[in-house]
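Each protein sequence line maps, in turn, to chains E and L. When you line the first sequence up against our numbering, it's residues 58 to 216, in that order. When you line the second sequence up against our numbering, it's residues 58 to 216, in that order. Heads up, the beta-carbon is just placed ideally off N, CA and C, and yes, glycines get one too.
There are 2 protein chains.
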Amino acid sequence: MAAVFPAPDHDHDRCAADALAHAEAVCVKRGERLTAMRRHVLEVLSSSHKPLGAYEIIDLVAARGARPAPITIYRALDFLTSQGLVHRIESRNAFLACINNHASGAPVVFLICEHCGAVGEAASGAVADSLNAAAKSAGFTPKSPVIEISGVCAHCREA
Amino acid sequence: MAAVFPAPDHDHDRCAADALAHAEAVCVKRGERLTAMRRHVLEVLSSSHKPLGAYEIIDLVAARGARPAPITIYRALDFLTSQGLVHRIESRNAFLACINNHASGAPVVFLICEHCGAVGEAASGAVADSLNAAAKSAGFTPKSPVIEISGVCAHCREA
DNA sequence: ACAGCATTGCTGCGCCGCAACATAAAGGTC
DNA sequence: GACCTTTATGTTGCGGCGCAGCAATGCTGT
Chain E
58 MAAVFPAPDH DHDRCAADAL AHAEAVCVKR GERLTAMRRH VLEVLSSSHK
108 PLGAYEIIDL VAARGARPAP ITIYRALDFL TSQGLVHRIE SRNAFLACIN
158 NHASGAPVVF LICEHCGAVG EAASGAVADS LNAAAKSAGF TPKSPVIEIS
208 GVCAHCREA
Chain L
58 MAAVFPAPDH DHDRCAADAL AHAEAVCVKR GERLTAMRRH VLEVLSSSHK
108 PLGAYEIIDL VAARGARPAP ITIYRALDFL TSQGLVHRIE SRNAFLACIN
158 NHASGAPVVF LICEHCGAVG EAASGAVADS LNAAAKSAGF TPKSPVIEIS
208 GVCAHCREA
C-alpha cells in the first residue's frame, strides 16, 4: 500500500499544481467542467494537507477576490467529491484534497494526526477484504465505507 | 464476530431495560454517577435502534417533563460516550446506545442501513489487525478508529 | 455542619449545511 | 447570429449542531 504522509516542509505549490493538472485531465476525460470556482476551491484545498472547513475555504477564496456564499462552496465541494478529487472527513466536518490516484471505489483509510492536523491517505486491500467479510457475515450489503483513525503521525512522534 | 441487527419488531423495552441495568452496573463498578438526566438520555437512546440527533433527544426527553437545554444533553452524551455506553455516528451527527458488551478499546464497525436507518454494530479482530497493519506501515500510531459503512441491512434487502 | 467537588441550568454565540428562487454563463441547433 | 436548453453561480433565509462561560444546585466525605 502507498502511505502518504508528506514531510511538513515539502513544496505545497508543487502539490497544488499536480492536483490541478490531474483534476483537469479527469474532467476533460469525463466531459465535466472544471469551472473557475471549482478550481479555486481545489487550489485552496490542495495547498493545505490539513482538512479545511467550508467556512475556512470561504475565507481563503475571499482572500483572492469576491467572497462566495457558503452554498457556493458546498456546491463546488459536492462536485469535487463526486469526481473523487476531494474527500470529506466526517469526524471533522472538513474537506481534504485527494492526493493519491487511488483506485476509485476502493476504501480509503484516513490517518488523522491529533498533533499537527495533517491527514494521510492509505489504501489497503486487506482492510477492504476484512470489512467486506464482516459486513457479509451480518447480512449487510456495504456501499461506501468511511474509515478515519485518529493518532499521531511519524513526524510528530519524533518530536 | 457478533453481528447485531435486531429484527424490526423485537421488544425495544426489553433492550432499554437491559441497557440500563448494564449501565448501572458499569457505573457502580467505576464509581461514576448515573444521574437522572444521564439515565433519561440513555433510556431514550436505548428505546431506538436508530441513531438520534441531540435535538431529537431533547424532544424525547421533554416529552416526559422539563425541556433540557442542548448543552445539558451534550454533557450527558459526553459522559455516556466516555463510559462506552453510547457511540457517536460521525457521518450522521447522531448518537446510538451501545448494545453489545464488546471489549472496550476494540474497534467497532457500524453498519448503517440507508433504507430503514437502523445501525448494527460489528466487531472484528480481522478488521482491527488489518487496520493496525496499514497504520503501522505509514508510521502512524493509531488511537481511536472510526469505521462506518453505509449500505442495506438484511431485513430491508428482503423487502 | 462544612468545604470541596460534580452536575445541572441559563445565556449566548458561532459554525455547519442546505432549500428555494433568481440570475448568468456555456453549449447546441437551426 | 438568434434562440433555446442546460448547467453553474448568486441571493436570501433558515434550521440543526455544538459548545463556552458563568451561576446555582446537589452530592460526598470528614
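*Kindly indicate which three-state DSSP category F197/L falls into: helix, strand or coil?*
coil
_Alpha carbon of A76/L to alpha carbon of S103/L, nearest angstrom_ = 7 Å
*asked:* Against chain L, which members of the segment 193-210 of chain E pass a CB distance test of less than 9 Å?
replied: S194, A195, G196, F197, T198, P199, K200, S201, P202, V203, I204, E205, I206, S207, G208, V209 and C210
*With 8 Å set as the bound, which would you pick, yes or no: does the beta-carbon of A191/E sit closer than that to a beta-carbon of chain L?*
yes
*Report the three-state DSSP secondary structure of V165/L (helix, strand or coil).*
coil
*Answer with buried or exposed for R217/L, where buried requires no fewer than 16 other C-beta atoms within 10 angstroms of its C-beta.*
Because chain L here runs from 58 to 216, residue 217/L falls outside it and cannot be looked at.
*Terminal residues of the beta strand (DSSP E) in which E81/L lies*: Taken as a continuous stretch (DSSP letters only), E81/L belongs to no beta strand (DSSP E), being part of the alpha helix (DSSP H) at H69 to R87.
*Nearest CA to the CA of F152/E: which residue from A163/E, S181/E and I169/E?*
I169/E
_At the level of alpha carbons, what is the spacing between A119/E and S201/L?_
35 Å
*asked:* Let's see if you can read the secondary structure: which residues bound the beta strand (DSSP E) around E178/E?
replied: V176 to A179
*How many Å lie between A211/L and P164/E at the Cα?*
22 Å
*asked:* Taking CB distances under 8 Å as the criterion, tell me whether A60/L reaches chain E.
replied: Below a pLDDT of 50, predicted positions are generally treated as unreliable, and A60/L, at 49, falls in that range; the measurement from the model is reported next regardless. Cβ-Cβ to chain E under 8 Å: yes for A60/L.
*In this structure, what does DSSP give as the bridge partners for H144/E?*
L153/E
*Coil, strand or helix - E205/E by DSSP*: strand
*Keeping to the same chain, check which residues put their C-beta closer than 6 Å to that of F136/L; ignore five residues upstream and five downstream.*
R95
*Work out the CA separation of I206/E and V184/L for me, nearest whole Å.*
13 Å
*Assuming I146/E and P108/E form a contact by the criterion Cβ under 8 Å, report the distance between their Cβ atoms to the nearest whole angstrom.*
5 Å
*Neighbour list for L168/E in chain L, Cβ cutoff strictly below 7 Å*: A192, A195 and F197
_Three-way DSSP call (helix, strand, coil) for C173/L in this model_ = coil
_Spatial neighbours of E89/L in its chain, beta-carbon cut-off 7 Å, leaving aside the 5 residues before and after_ = Q140
*asked:* Quick check: the Cα distance between V98/L and I204/E, rounded to an integer number of angstroms?
replied: 27 Å
*Is it right to say E178/L is buried, meaning 16 or more other beta carbons lie within 10 angstroms of its own, or is it exposed?*
buried
*What separation, rounded to the nearest whole angstrom, lies between the Cα atoms of A195/L and F62/E?*
7 Å
*Local conformation of L91/E per DSSP, three classes*: coil
*Give the DSSP bridge partners of L109/E, in chain order.*
F152/E
*Candidates Y112/E, A126/E, D186/E and T92/E: which alpha carbon is nearest N219/E's?*
Within the shown structure, residues of chain E are numbered from 58 to 216, placing residue 219/E beyond reach of any answer.
_Suppose contacts are defined by Cβ-Cβ distances below 8 Å. Is A180/E in contact with S181/L by that definition?_
no
*Report the option in R214/E, R71/E and F167/E whose CA atom is closest to the CA atom of M105/E.*
According to the sequence displayed, residue 105/E carries Ser and not Met. Considering only alpha carbons, the answer is R71/E.
*Enumerate in chain order the residues of its own chain whose CB-to-CB distance from T138/E is below 8 Å, with the five nearest sequence positions on each side excluded.*
H144, R145 and F152
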